[in-house]
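Asker: So in UniProt numbering the end of the sequence shown lands on 376, straight run, no missing numbers. Pasting a structure below so you can have a look.
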Amino acid sequence: MAQSEQAREVARRLGLVSHPTLDQLAEAVALFAPLGWAMCGRWHMEGTLRVLRQAGNGATDDELDEAITDVWNNENATLLKHAAAPMRRWSNSHYPFKQLVWDRVSFIEKAIEHHFAGAYEASTPIILAQIDGMSRDLTGQSFFSKGSNDPYLDDETIAGMETNLPVVRALFSEDVRPTGDYGKVSRHGVLHGRDLGYATRVNSTKTIVLVAALAEYLPKIADNAGAQLRRQYEDGVVGSTELDELGRLVDDRQVPELLNFAYDFDTEYLNAVLLNPAPFNARRQLAAVAHKHGLDPEAFTLDEDQTGWRWHYTIPAGQTLGYAARPSTSSERRHPDVWRWDDPATPGTFPWNDSTGWRSDDDFPRSPNWEPRLVI
């Protein structure tokens with residue numbers, strides 16, 4: 001791809017019409033990736049341009065490595081420390097899988113602490129191992145496998161450009177034989193003990209920057225993997241009457257979607273009551289939010305009176321979850337008064353008329369099936 005075409009591609013992926021640095025960014029992708037630097041949208045613009053000027057003045061590859069490393073560990077240090085943080089937003093559809101993602105991020109963040117303490121002999125192998133496991137979980141094969149079934153290409157991100165991750169992967173996947181002090185950024189050399197010179201600030205920084213690029217490239221793949229695991233889980237619990245340790249239904253089909261629906265619907269009501277006082281069209285909002293979360297609006301029962309509103313919904317396991325709200329009557333909080341329903345039977349009236357079966361949000365803990373799965 002010609003440089004001008006590459007610049008247009010960078011612009012499209014960044015959502016820019018034009019920018020004076022686009023040609024330089026395209027040049028940076030083409031120049032830095034063969035050195036093992038995975039580009040992404042979180043690169044430091046001014047520092048990147050400065051390194052490009054050094055390249056134009058004849059800097060060697062080693063000098064460019066050191067210059068890029070300085071940028072990431074100084075001007076871009078905050079983003080380097082939080083390279084894996086975006087991964088915590090992945091895969092909200094299946095919380096056991098999301099917990100694994102969080103556990104993996106915790107390992108990476110510990111490795112980054114080692115990096116900033118100068119313990120590159122620890123940071124580099126920890127991160128390489130986590131990239132290995134993460135890519136296997138999401139794509140079925142390691143990022144470092146020469147026969148990987150994922151091309152690490154997309155049509156949306158800087159990370160997914162054809163001159164970026166595929167090029168970087170070749171360096172990280174290089175075989176190292178025989179044992180020696182090579183100082184390469186090869187997963188094989190590091191984790192198989194073949195390269196005794198790997199523990200450098202440059203190599204450690206490259207592995208963390210690779211995490212940042214993968215965090216940009218992998219979200220949709222991670223979300224799809226989590227959704228598939230969720231479907232498999234649901235297929236396995238159909239008809240179960242068991243309860244978990246908190247008394248929640250094991251057959252919780254549609255519960256995550258319903259809890260997310262309740263949160264968003266309540267937010268719309270809160271905005272109408274507090275932030276932008278106006279009549280709240282409960283029926284219209286219910287339809288919009290239900291569609292957003294893949295639920296059928298016609299499956300909800302919605303009632304309103306002059307005080308507030310309530311809805312209920314019966315999930316496939318036969319349990320009915322309900323929610324009611326009205327403007328706050330409390331002198332201690334501005335948030336609306338909220339009650340929740342969690343019972344095989346359906347509610348017959350508003351909780352401010354008869355609270356039997358309803359549980360106020362002022363009372364903790366909530367009913368079991370209203371307690372979300374938590375990731376810690």
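C-beta: ideal position from N, C-alpha, C; glycine also.
1) Go to H114, then tell me how far its alpha helix (DSSP H) extends in each direction, as first and last residue.
2) For G180, write down the residues that DSSP places opposite it in a beta bridge.
3) Is the region 215-231 touching the region 257-264, taking contact as three or more C-beta pairs under 8 Å?
4) Would the region 58-71 and the region 188-199 be scored as touching if the rule is three or more Cβ pairs under 8 Å?
5) May I ask which residues mark the beginning and end of the beta strand (DSSP E) holding V338?
6) Using C-beta distances below 7 Å, list every residue in its chain close to residue 377, excluding the 5 sequence neighbours before and after it, in chain order.
7) I need the straight-line Cα distance from L153 to L171, nearest angstrom please.
8) Quick check on S135: does DSSP put it in helix, strand or coil?
9) Looking at the unbroken beta strand (DSSP E) that takes in T78, where does it start and where does it end?
10) Comparing alpha-carbon positions, which option in T78, A122, T307, E234 lies nearest V212?
11) Between T301 and H312, how many whole angstroms is the CB-CB distance? I'm expecting something under 8 Å.
12) Per DSSP, what kind of secondary structure is W370 in: helix, strand or coil?
13) Jot down the residue ranges of each uninterrupted alpha helix (DSSP H) in the region 280-352, minimum 4 residues, whole runs only, in chain order.
14) When the Cβ atoms of the region 134-150 are set against those of the region 233-245, are three or more pairs found closer than 8 Å?
15) With contact counted as at least three CB pairs below 8 Å, one residue from each stretch, are the region 280-291 and the region 339-356 in contact?
Answerer: To lay it out plainly:
1) It spans 95-116 - the alpha helix (DSSP H) in which H114 sits, taken as one unbroken run.
2) DSSP lists D195 as partners of G180.
3) Under the 8 Å Cβ criterion, the region 215-231 does not count as touching the region 257-264, having fewer than three qualifying pairs.
4) Judged by pairs of C-beta atoms under 8 Å, the region 58-71 does not touch the region 188-199, as fewer than three such pairs exist.
5) V338 -> beta strand (DSSP E) spans 337-343.
6) There is simply no residue 377 to check, as the chain begins at 1 and stops at 376 in what is shown.
7) Linking L153 to L171 through their CA atoms gives a straight-line distance of about 17 Å.
8) Note: S135 maps to helix in three-state DSSP.
9) For T78, there is no enclosing beta strand (DSSP E); the residue is part of the alpha helix (DSSP H) that begins and ends at 77-81.
10) The amino acid occupying residue 212 in the given sequence is Ala; Val does not appear at that position. Out of T78, A122, T307, E234, T78 has the C-alpha closest to the C-alpha of A212.
11) Contact holds; Cβ gap of about 5 Å.
12) Under the three-state reduction of DSSP, W370 is assigned to helix.
13) Those alpha helix (DSSP H) runs which fall completely within the region 280-352 and span 4+ residues are 282-292.
14) Touching, no, given that fewer than three Cβ pairs across the two stretches are closer than 8 Å.
15) Too few Cβ pairs lie closer than 8 Å, so no.
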